[in-house]
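Heads up, the thing below is written out as structure tokens.
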Amino acid sequence: INGLGVREGSMVMFFGPLIGKEQALAISILMLMLLLITSVIGGVIYALSPQFKMKLKEIEKEGDNL
């Protein structure tokens, strides 16, 4: 799902010999969590922005014209 096993497996394969398999897996999962958290924050900011609301109004107007 979403490349989850591939990402973690490759991190363990490449970084495991250097820092240990457990640490490589932990870093990979932490990187995924960081990506998800920043994506959610960005999505909330975008959804609350005035530009997004203007676009919704334009879409509703176009829908009314059909």
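Note that the sequence shown ends on residue 1277 in our numbering; no numbers are left out. Think of the CB as a built atom: it goes at the ideal place given N, C-alpha and C, for glycine as much as any other residue.
Beyond the five residues adjoining it in sequence on each side, A1235 comes within less than 6 angstroms, by CB distance, of M1222, V1223, F1226, G1227 in the same chain, given in chain order.
Here the C-alpha atom of G1220 lies approximately 14 angstroms from the C-alpha atom of I1230.
Rounded to whole angstroms, the separation of the alpha carbons of E1269 and Q1262 is 11 angstroms. Per the coordinates, the alpha-carbon of S1250 lies some 32 angstroms from the alpha-carbon of D1275.
CA-CA distance, L1241 to G1254, rounds to 20 angstroms. For the 9 angstroms CB-CB criterion, L1245 and L1215 do not form a contact.
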